[in-house]
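Novice:
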Ligand SMILES: [Zn+2]
């Protein structure tokens, strides 16, 4: 395993432009991922349907105008590799590139035609400081480039540090996130249709808490999109 990692790193040293999904060297015209990986991305196609498994995650919990995920999160597969490269290896180009592809797809759907602005789910400042960036903001920037809508990443903020969610029950996770988000400037969001963005959808607890907060503002509508969907 270690040896394999070492060889991969060595290869990257000599061939810096490798596909961030499969590791193959990129040829000219290819950026971030190779044509084959692009073609094989497990797109959900859910953005064209008002009722879909992502929208269903929020039914009875919070009123989302529309909800979708771009890709299926295939464990051990290319999507996991891409998200890993984005989150833990600082490859922002992955978030921008996939965000643009995703935004292009959303432009084909009437469900997202009235979006006014894009808000990434905020990381706690401490975590953002450790990582150096918020992966959801990077994805939002890619979406913004394709959709021609502004990113507002300093209005919805995280108030307290939440401990790791992975070992908690669904209720505990909700308890953990329900009061942690705050709004800085209400007037900026009044009457707006907000597109809330995160990297991976799992239980939806964080997105639910963010949406609840945004829906406290007068006349707001919230839709949500994530890059990938990890089926529970
Ligand atoms: Zn590839």
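In this note's numbering, the protein residues as written are 11 to 242. No residue lacks a Cβ here, since even glycine has one placed at the ideal position from N, Cα and C. Values in this document were obtained by computation on a predicted structure and should not be read as measured data.
(1) Give, in chain order, every unbroken run of the alpha helix (DSSP H) that is at least 4 residues long and sits entirely within the segment 203-241.
(2) Can you have a look at residue 55 and say buried or exposed, based on whether 16 or more other CB atoms are within 10 angstroms of its CB?
(3) Quick one: give me the first and last residue of the beta strand (DSSP E) that residue 79 is part of.
(4) Measure the alpha-carbon distance for residue 72 versus residue 216 and round it to whole angstroms.
(5) For residue 84 and residue 153, what's the separation of their Cα atoms in angstroms?
(6) Roughly how many angstroms lie between the CA atoms of residue 74 and residue 234, to the nearest whole one?
(7) Terminal residues of the continuous alpha helix (DSSP H) containing residue 66?
(8) Verify the contact flag: residue 46, CB atom, against every heavy atom of ligand 1, threshold strictly below 7 Å.
(9) Classify residue 35 as helix, strand or coil using the three-state DSSP reduction.
(10) Out of 136, 190, 113, 46, which one is the CA nearest neighbour of residue 123?
(11) Pull up the distance between the alpha-carbon of residue 81 and that of residue 92, whole angstroms please.
(12) Quick one, which of 32, 118, 168 has its alpha-carbon nearest residue 94's?
(13) Can you list, in chain order, the stretches of the beta strand (DSSP E) that have 3 or more residues and sit fully within the segment 109-139?
(14) Under DSSP, the alpha helix (DSSP H) around residue 152 begins and ends at which residues?
(15) Taking the straight line between their C-alpha atoms, what separation do you get for residue 118 and residue 28?
(16) Helix, strand or coil for residue 166 per DSSP?
(17) Relative to the alpha-carbon of residue 58, which residue among 202, 195, 128, 78 has its alpha-carbon at the smallest distance?
Specialist: Reading from the atomic positions:
(1) 215-225
(2) Here the question's residue 55 lines up with position 45 in the chain shown. Label assigned to residue 55: exposed.
(3) Mapped onto the chain shown, residue 79 falls at position 69. Residues 77-82.
(4) The sequence position of residue 72 within the chain shown is 62, counting from 1. The sequence position of residue 216 within the chain shown is 206, counting from 1. Distance between the alpha carbons of residue 72 and residue 216: 12 Å.
(5) Translated into positions along the chain shown, residue 84 becomes position 74. Translated into positions along the chain shown, residue 153 becomes position 143. Approximately 22 Å between the Cα atoms of the pair.
(6) Sequence index remark: in the chain shown, residue 74 carries index 64 (1-based). Sequence index remark: in the chain shown, residue 234 carries index 224 (1-based). Roughly 7 Å separates the two Cα atoms.
(7) Position 56 of the chain shown, counting from 1, holds the residue named residue 66. Looking at the DSSP string, the run of the alpha helix (DSSP H) that includes residue 66 is 63-68.
(8) Locating residue 46 in the chain shown gives position 36, counting from the first residue. Yes; taking the cut-off as 7 Å, the Cβ of residue 46 has a heavy atom of ligand 1 nearer than that.
(9) Here residue 35 refers to the residue found at position 25 when the chain shown is read from its first residue. Of the three classes helix, strand and coil, the one that applies to residue 35 here is strand, per DSSP.
(10) Taking the chain shown and counting its residues from 1, one reaches residue 123 at position 113. The candidate whose alpha carbon is nearest that of residue 123 is 113.
(11) Against the chain shown, residue 81 aligns to sequence position 71. Against the chain shown, residue 92 aligns to sequence position 82. Each residue's Cα considered, the two are about 11 Å apart.
(12) Indexing the chain shown from 1 puts residue 94 at position 84. Looking at the Cα atoms, 32 is the closest of the given residues.
(13) 127-130
(14) Position 142 of the chain shown holds residue 152. Here the alpha helix (DSSP H) through residue 152 covers 145-157.
(15) Locating residue 118 in the chain shown gives position 108, counting from the first residue. Locating residue 28 in the chain shown gives position 18, counting from the first residue. So the two alpha carbons sit approximately 30 Å from each other.
(16) Within the chain shown, residue 166 is the residue found at index 156, counting from 1. In this structure, residue 166 counts as strand in the three-state DSSP scheme.
(17) For the purposes of this step, residue 58 is identified with residue 48 of the chain shown, where counting begins at 1. Selected option, being the one with the closest Cα: 78.
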